[in-house]
Ligand code: URA
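Numbering (my numbering), first residue to last: 30 to 455.
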């Protein structure tokens, strides 16, 4: 077998055999196939897709690139999002579910394309380690009920390599690639139940709801074939989740929810997802589970789970009381309304790209991240602002000239001028 024949087959929409896909993944993981050939194949998949059988073969090959572990812990429930802008739900849902008596042992990824990743976000907490050994991972889950680790040389090494390659080669938006990336991780760390949060909209990889539904059904099918209780929710990503976008900024916002100080859109989405996880684990009806999740927040027990997990994973637990201990940006810039406007639309992917350009994400695989960078939204769709009101605040420690980012951020918003007879100021 050789990579050129395999690239050509996918380029011509010819079906690959199980053996060819396994060989490709194995050879890429071991370094036999270079990045440029894998990128070419990934692009061919983005353009032509894979059959369901090929997607299953890719999922298994990626899972089998490393170890498969079943933690010696009862009732493990996992959750994974397909990625969105400002999606910091795992840092809230994980501790909340753990506080309600289930175990959440999670393997997550870094930033991908215009979206952030849970691993980068958690690593913005000073000292926080996501490269735990399997023994350490199990010990944290046993003690707190919640732990997150990254892909590694032992766990899903194929996804570790392909994930960062996809992010830097414009090959993220593909149902089979997203499905195999997520499900290989979810099958490598075996959980009893699995909740998938499949996003659609301007900030998601799937722009159309119908595409997200297709991805959801495919992942459910693979999960069930692997013997898991598996549910996929399809949720809206046409506005950022919460207000903050960027690593440390998102941790700070998640902490506000865990402290019980934020009962808005983010809190509600997280309480529903936590209820879904608990319901899957057989803890009660959706309403009963939602009440349990809310109590985990209001009692402070979810925050205590997060505090102890941070401590056990080497991070500074004092951030739970004082978010100013998280990385703080050296420069900021407030974008204000020049006249009275109504916000009519958001291009959420562009908002994610602005955050990435400010330093919160990677343009190439080896870029360093500015953990303090990102943005805070001061408005959402339907809001009416008067001249001078803040629209967004941009943060960065590596970029002090905000002119390009500010223009791009402003152009990501649909605005209708409301102070005069002029309609539509775009
Ligand atoms: N999350 C993942 O882990 N992989 C993807 O491809 C997209 C979201």
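Ideal Cβ placement from N, Cα and C applies to all residues, glycine included. If you're wondering where the values come from, they're calculated on a predicted model, not measured in any experiment.
Buried/exposed call for residue i, threshold 16 Cβ in 10 Å
i: residue 42; result: exposed
i: residue 37; result: exposed
i: residue 270; result: buried
i: residue 273; result: buried
i: residue 453; result: Unreliable positioning characterises residue 453 in this predicted model, as indicated by a pLDDT of 43, which lies under 50. A coordinate reading is not provided.
i: residue 321; result: buried
i: residue 441; result: buried
i: residue 410; result: exposed
i: residue 395; result: exposed
i: residue 53; result: buried
i: residue 416; result: exposed
i: residue 328; result: exposed
i: residue 59; result: exposed
i: residue 196; result: buried
i: residue 455; result: Interpretation of residue 455 is limited by its pLDDT of 41, a score under 50 that renders its predicted location unreliable; the figure taken from the coordinates is listed afterwards. Classification for residue 455: exposed.
i: residue 8; result: An answer regarding residue 8 cannot be provided, because it is not within the stretch 30 to 455 covered by the chain.
i: residue 212; result: buried
Residue i and residue j closer than 8 Å at C-beta
i: residue 95; j: residue 186; result: yes
i: residue 227; j: residue 188; result: no
i: residue 97; j: residue 132; result: no
i: residue 309; j: residue 224; result: yes
i: residue 355; j: residue 255; result: no
i: residue 144; j: residue 137; result: no
i: residue 107; j: residue 215; result: yes
i: residue 231; j: residue 371; result: no
i: residue 277; j: residue 421; result: no
i: residue 381; j: residue 279; result: no
i: residue 176; j: residue 342; result: yes
Three-way DSSP call (helix, strand, coil) for residue i in this model
i: residue 337; result: helix
i: residue 157; result: coil
i: residue 407; result: coil
i: residue 128; result: helix
i: residue 16; result: Here the chain has residues from 30 to 455 only, and residue 16 is not among them.
i: residue 398; result: coil
i: residue 250; result: helix
i: residue 149; result: helix
i: residue 171; result: helix
i: residue 273; result: strand
i: residue 44; result: coil
i: residue 284; result: helix
i: residue 352; result: helix
i: residue 432; result: helix
i: residue 304; result: helix
i: residue 442; result: strand
i: residue 39; result: helix
i: residue 419; result: strand
i: residue 227; result: strand
i: residue 448; result: coil
i: residue 88; result: helix
i: residue 363; result: strand
i: residue 453; result: Low local confidence applies: a pLDDT of 43 at residue 453 is under 50, so the model's placement there is unreliable, with the coordinate-based value given in what follows. Of the three classes helix, strand and coil, the one that applies to residue 453 here is coil, per DSSP.
i: residue 219; result: coil
i: residue 259; result: strand
Alpha carbon of residue i to alpha carbon of residue j, nearest angstrom
i: residue 285; j: residue 275; result: 15 Å
i: residue 366; j: residue 267; result: 21 Å
i: residue 425; j: residue 155; result: 18 Å
i: residue 451; j: residue 418; result: Reliability fails at residue 451, whose pLDDT of 48 lies under 50, so the model's placement of it is uncertain and the value that follows must be treated cautiously. Their backbone Cα atoms lie some 19 Å apart in a straight line.
i: residue 433; j: residue 260; result: 42 Å
i: residue 233; j: residue 113; result: 5 Å
i: residue 72; j: residue 61; result: 19 Å
i: residue 357; j: residue 134; result: 29 Å
i: residue 87; j: residue 192; result: 13 Å
i: residue 92; j: residue 200; result: 20 Å
i: residue 123; j: residue 325; result: 11 Å
i: residue 302; j: residue 414; result: 32 Å
i: residue 169; j: residue 184; result: 17 Å
i: residue 314; j: residue 252; result: 22 Å
i: residue 40; j: residue 446; result: 47 Å
i: residue 296; j: residue 402; result: 23 Å
i: residue 430; j: residue 110; result: 33 Å
i: residue 307; j: residue 126; result: 7 Å
i: residue 333; j: residue 202; result: 37 Å
i: residue 390; j: residue 119; result: 18 Å
i: residue 346; j: residue 173; result: 14 Å
i: residue 373; j: residue 240; result: 24 Å
i: residue 33; j: residue 70; result: 9 Å
i: residue 335; j: residue 48; result: 43 Å
i: residue 238; j: residue 229; result: 5 Å
i: residue 436; j: residue 359; result: 20 Å
i: residue 171; j: residue 412; result: 45 Å
i: residue 85; j: residue 79; result: 10 Å
i: residue 352; j: residue 283; result: 10 Å
Residue-level contact to chain C via CB, residue i, 8 Å cutoff
i: residue 404; result: Checking the listed chains, one finds no chain C in this structure; it contains a single protein chain.
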